[in-house]
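The next block holds one structure in the form of structure tokens; read it before the comments.
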Amino acid sequence: MVESKAIVEQIMEFNKILDDLENIEVHLEDEDKDILLLCALPRSFESFKDTMLYGKKALSPWKMFKRL
174 MVESKAIVEQ
184 IMEFNKILDD
194 LENIEVHLED
204 EDKDILLLCA
214 LPRSFESFKD
224 TMLYGKKALS
234 PWKMFKRL
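Residues 174 to 241 (our numbering) make up the sequence shown, in order.
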């Protein structure tokens with residue numbers, strides 16, 4: 174993701190890509206979507222990434238952002 178874009182725009186773009194994948198019948202588990210989202214976040218979200226990767230196992234960025 175690009176640092177200069179708003180995070181909401183980037184999440185919406187990420188969701189569109191996931192929708193496109195589903196339209197061509199590519200199935201991704203929520204855990205896979207979590208990792209893809211974390212990897213796609215810009216460098217300014219390093220602390221957030223670390224928290225999500227090494228924090229409580231119950232946290233899921235996919236569940237937090239899929240409503241945007």
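Just so you know, even glycine gets a beta-carbon here, dropped at the ideal spot from N, CA and C.
Residue i - containing alpha helix (DSSP H), residue span
{"i": "L210", "result": "203-213"}
{"i": "V181", "result": "180-196"}
{"i": "F221", "result": "219-227"}
Rounded C-alpha distance that separates residue i from residue j
{"i": "K189", "j": "Q183", "result": "10 Å"}
{"i": "R194", "j": "L214", "result": "According to the sequence as given, residue 194 is Leu; it is not Arg. The alpha-carbon atoms of L194 and L214 are separated by roughly 19 Å."}
{"i": "D207", "j": "S220", "result": "16 Å"}
{"i": "Y227", "j": "E204", "result": "14 Å"}
Close Cβ partners of residue i (< 8 Å) along its chain, the five nearest in sequence each way excluded
{"i": "H200", "result": "none"}
{"i": "S222", "result": "Rather than Ser, the amino acid found at residue 222 in this sequence is Lys. Only L211, L214 meet the Cβ criterion."}
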